[in-house]
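Chains A and B, in that order, are what the protein sequence lines are. Residues in the first sequence are numbered from 2 upward in steps of one, following our numbering. Residues in the second sequence are numbered from 2 upward in steps of one, following our numbering.
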Amino acid sequence: GESVGLHLPTLSVQEGDNSIINCAYSNSASDYFIWYKQESGKGPQFIIDIRSNMDKRQGQRVTVLLNKTVKHLSLQIAATQPGDSAVYFCAETNQAGTALIFGKGTTLSVSS
Amino acid sequence: DVKVTQSSRYLVKRTGEKVFLECVQDMDHENMFWYRQDPGLGLRLIYFSYDVKMKEKGDIPEGYSVSREKKERFSLILESASTNQTSMYLCASSLPDSDNTEAFFGQGTRLTVV
C-alpha cells in the first residue's frame, strides 16, 4: 500500500546549524509533495511544496529536494532557530491524486 | 486569511456515545478531509469529500461516518465512541486536485473517550 515515511523520529540541532529532515515515499506515481510544520497545540501549516517535474525548490530559509530515482524527499532548513522547533511532516498525493498521505513526522528540537 | 475552524478544541465523551466533530472552512474549497493524529503514526486519513453530499473512504474509515450537506461544512461522526478512538482529530480543506492541492488545517480537536 501507499506509505510515506521519515528516516528519524527526532532530530536535535544547535541554533544556527543547518537542519536536514528526510523522508522516503513509496508511490512512484505521486506528482506532488508537501512539507508541513506542526507546532505544539496547532494544526499543521504548509511550509513548501514541490512537483515531480522539479528536483529542487527554495523558499525563505528552506529548500526541498526531490530524488525520484530513490523516492526520497528532504527538507533543509538554513540557520535553524528556536522557533523552528516543531514536528515536520512530509506528504504526497495518494494514487488517485485526491488526498494527501502523510509520513509519521520528525520532531525537530533546536537548542540555544 | 484562510480559515478552517473546528468547533471544539477538547472533548471528553463516554464509551458508546454518538459524537459529532464539526469543521467549517471559509475558502469555498471543494475538498475537505478528516485525519486523526496519533503518536508515532502521523496523520491518517479517515474520510474525505470532494463535493457536497459526496464522500470517499480514506485509510481508516471503520467506526466513523461523515456528512457534507453544505460546501463549507464537513462533519465527522463517531456512531458509538470507543476508547481506541481517543485521538487528535484534524480537519483540512483544499482546492480540487486539478489546482494546487495544498491542504489547510484546522487547530484540531483532542477527543478523549472514557
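C-beta atoms are modelled at their ideal positions from N, C-alpha and C, and glycine is treated no differently. Remember, predicted model here, so these are calculated numbers, not experimental data.
Rounded distance between the beta-carbons of T94 (chain A) and Y33 (chain A), thought under 8 Å: Locating residue 33 (chain A) in the first sequence gives position 32, where the first residue counts as 1. Locating residue 94 (chain A) in the first sequence gives position 93, where the first residue counts as 1. Rounded, the Cβ-Cβ distance is 5 Å, consistent with contact.
Which one or two residues does DSSP pair with V115 (chain B) in a beta bridge? As a working note, residue 115 (chain B) is residue 114 in the second sequence. Per DSSP, none; premise fails for V115 (chain B).
Return no unless some Cβ of chain B is closer than 7 Å to the Cβ of A100 (chain A). Here the question's residue 100 (chain A) lines up with position 99 in the first sequence. Yes, contact with chain B.
So, with DSSP's three-state summary, where would you put Q96 (chain A)? Position 95 of the first sequence, counted from the start, is the residue given in the question as residue 96 (chain A). It is coil, neither helix nor strand.
Between D56 (chain A) and E103 (chain B), how many whole angstroms is the CB-CB distance? I'm expecting something under 8 Å. Within the first sequence, residue 56 (chain A) is the residue found at index 55, counting from 1. Within the second sequence, residue 103 (chain B) is the residue found at index 102, counting from 1. Not confirmed; about 20 Å, so no contact.
On the three-state DSSP scale, how would you describe G43 (chain B)? In the second sequence, residue 43 (chain B) corresponds to position 42, counting from 1. Here G43 (chain B) carries a strand assignment [DSSP, helix/strand/coil].
9 Å Cβ cut-off: residues of chain A touching L77 (chain B): On the second sequence, position 76 is the one that residue 77 (chain B) refers to. At a beta-carbon threshold of 9 Å, none of the residues of chain A lie near L77 (chain B); the nearest stands roughly 15 Å away.
Own chain, CB closer than 6 Å to S31 (chain A), minus 5 neighbours either side, in chain order: Numbered from its first residue, the first sequence carries residue 31 (chain A) at position 30. For S31 (chain A), where only same-chain residues beyond five positions count, the Cβ hits under 6 Å are E93, T94.
Relative to the C-alpha of T81 (chain A), which residue among A:V111, A:W36, A:G60, A:S27 is closest? Residue mapping note: residue 81 (chain A) aligns to position 80 of the first sequence, counting from 1. Of the listed residues, the one whose Cα sits closest to T81 (chain A) is A:V111.
Any idea what DSSP makes of D52 (chain B), helix, strand or coil? For the purposes of this step, residue 52 (chain B) is taken as the residue at position 51 of the second sequence. DSSP, reduced to helix, strand and coil, places D52 (chain B) outside both helices and strands of the structure shown, so it counts as coil.
Beta bridge counterpart(s) of E57 (chain B) as assigned by DSSP: Translated into positions along the second sequence, residue 57 (chain B) becomes position 56. DSSP, once it has assigned bridges, lists B:F49 as partnering E57 (chain B).
Would you mind reading off the limits of the beta strand (DSSP E) that contains D50 (chain A)? Position 49 of the first sequence holds residue 50 (chain A). First-last of the beta strand (DSSP E) with D50 (chain A): 46-52.
Using 8 Å as the cut-off, can you tell me whether the segment 61-78 of chain A makes contact with the segment 12-30 of chain B, which would need three or more C-beta pairs spanning the two stretches below that distance? Result no; under three Cβ-Cβ pairs closer than 8 Å.
Kindly say whether L1 (chain B), judged by its beta-carbon, lies nearer than 7 Å to any beta-carbon of chain A. Absent from the structure is residue 1 (chain B), since the part of chain B shown begins at 2 and ends at 115.
T84 (chain B) - DSSP class collapsed to helix/strand/coil: One-based indexing of the second sequence puts residue 84 (chain B) at position 83. Looking at T84 (chain B) - three-state DSSP - the assignment turns out to be helix.
With distance defined between alpha-carbon atoms, name the residue in B:H30, B:I61, B:F34 nearest to G76 (chain B). For this step, residue 76 (chain B) is matched to residue 75 along the second sequence. With the sequence shown as reference, residue 76 (chain B) is identified as Ser, and Gly is not the correct amino acid for it. The option with the nearest alpha carbon to S76 (chain B) is B:F34.
Counting only beta-carbon atoms, is T87 (chain B) nearer than 7 Å to chain A? For the purposes of this step, residue 87 (chain B) is taken as residue 86 along the second sequence, with counting starting at 1. Interface residue (Cβ-Cβ distance to chain A less than 7 Å): T87 (chain B) is not classified as such.
Note down the Cα distance separating T108 (chain A) from P40 (chain B), rounded to an integer number of angstroms. For the purposes of this step, residue 108 (chain A) is identified with residue 107 of the first sequence, where counting begins at 1. For the purposes of this step, residue 40 (chain B) is identified with residue 39 of the second sequence, where counting begins at 1. Roughly 11 Å between the two C-alpha positions.
Below 8 Å on C-beta distance, what does L91 (chain B) contact in chain A? Along the second sequence, read from residue 1 onward, the residue named residue 91 (chain B) stands at position 90. The CB of L91 (chain B) comes closer than 8 Å to the CB of G44, P45 in chain A, given here in chain order.
Strictly by DSSP, which residues pair up with R58 (chain A)? Walking along the first sequence from the start, residue 58 (chain A) turns up at place 57. Looking at the DSSP assignment, R58 (chain A) forms a beta bridge with A:V65.
Give the residues from the segment 70-83 of chain A that approach chain B closer than 9 Å (Cβ to any Cβ), ordered along the chain. Taking 9 Å as the upper bound on Cβ-Cβ separation, chain B lies near no residue of the segment 70-83 of chain A.
Chain-ordered residues of the segment 21-34 of chain A with a beta carbon less than 7 Å from chain B: Flagged, chain order: Y33.
At a Cβ threshold of 7 Å, is Q108 (chain B) touching chain A? By one-based count along the second sequence, residue 108 (chain B) stands at place 107. Chain A, which has a Cβ nearer than 7 Å to the Cβ of Q108 (chain B), makes this yes.
Can you tell me where the beta strand (DSSP E) with T16 (chain B) in it begins and where it stops? Sequence index remark: in the second sequence, residue 16 (chain B) carries index 15 (1-based). Per DSSP, T16 (chain B) lies in no beta strand (DSSP E) segment and is marked neither H nor E.
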